[in-house]
Amino acid sequence: MTARRASIASVALLALVGPATGSLAAGAAPHWSYEGHGGPAHWSSLEPEFASCKTGHAQSPIDIHAKAIKGEALPAIEFAYKPGAAKIVDNGHTIQIVPAPGDAITIAGHRYELTQFHFHKPSEESIDGKRRDMVVHLVHKDDAGKLAVVAVLLQAGDTNPAIAALWNNLPAHKQAEVELKGVQIDPADLLPRDRGYYTFAGSLTTPPCSEGVTWYVLKKPSQVSSGEIARFAKAYPMNARPLQPLNGRVVRASQ
């Protein structure tokens, strides 16, 4: 791997999994944002490594035209999640959860380890032009470093026990992290009962906008209370990238 490719890979990995140990850099201000001079329209000009945010042809998120997609006999996503320890990171862009190792998904016999999950308000993905109140992105990586992200749309309704537990233990300020003590988080609590999905080739939705990410957007949303939405909004009232052009990509849907 060339030095430049290694640098880009390092930036992408940091964007996905955050710091492994210790606290975030004291006083480190995010150099990109969701509005103003650091907003999405300017991401590609902030750093050379962010060029894909403008030049990429398979960028995420997208609007999924569900009514025009015929369901196929695609393999089910096999979720192997369990309750466990976790770390909550407020990274200046979102609330990110780093679970203990061992959670994974398997698709057609191929295993991806869950590395982290994080939240956006409103949902970044839209279906037939409609965005939901929030979305959680569960980021997985296989042994070769390939990424598979499961997006679970969240709509106002009943309290979500996993999110309630997380929100009760948020860091006191941004650019900080908390190791959960005496609390176990089960990512399965974030999933709807119906696990049907849409899938397409895409990218990270934050800088460096690296492509080569396989997306699985679950068709049915899960519920989260209006109070839980409001709690997230206090820290991040809007952290969703604008929709990106499809550019001829094929979106497939499971039956």
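Here this note's numbering is used: the sequence shown runs in plain steps of one and ends on residue 1698. Note that CB positions come from ideal geometry on N, CA and C, so glycine has one too.
P1483 sits in a helix when the DSSP states are folded into three classes. For T1602, the secondary structure class from DSSP, reduced to helix, strand or coil, is coil. According to the DSSP assignment, E1620 belongs to no alpha helix (DSSP H) but to the beta strand (DSSP E) extending over 1619 to 1622.
For the set H1616, K1662, V1656, E1622, the Cα lying nearest the Cα of R1636 is the one of K1662.
Selection A1494, R1674, D1506, S1653 evaluated against S1566 yields D1506 as nearest (Cα-Cα). The beta carbons of S1697 and L1517 sit about 4 Å from each other, so the pair counts as a contact at 8 Å. Going by beta carbons, L1590 and L1634 fall outside the 9 Å limit. Cβ atoms of E1568 and R1695 stay farther apart than 8 Å, at about 15 Å. Just so you know, the alpha carbons of G1499 and G1639 end up roughly 28 Å apart. When C-alpha distances from Y1477 are compared across V1693, Y1679, P1688, N1690, the shortest belongs to Y1679. Assignment of R1638 by DSSP, reduced to helix, strand and coil, places it in the coil class.
Only residues of its own chain outside the window of five on either side were considered, and among them D1571 have a CB closer than 7 Å to the CB of K1510, listed in chain order.
Where G1535 is concerned, there is no enclosing beta strand (DSSP E), because DSSP gives it neither an H nor an E. For A1676, the enclosing alpha helix (DSSP H) stretches over residues 1669 to 1678.
In this structure, the beta-carbon distance from V1595 to T1657 does not fall below 9 Å. DSSP places S1503 outside any beta strand (DSSP E), giving it a letter other than H or E. For I1512, the number of other beta carbons within 10 angstroms of its own is below 16, and it is reported as exposed.
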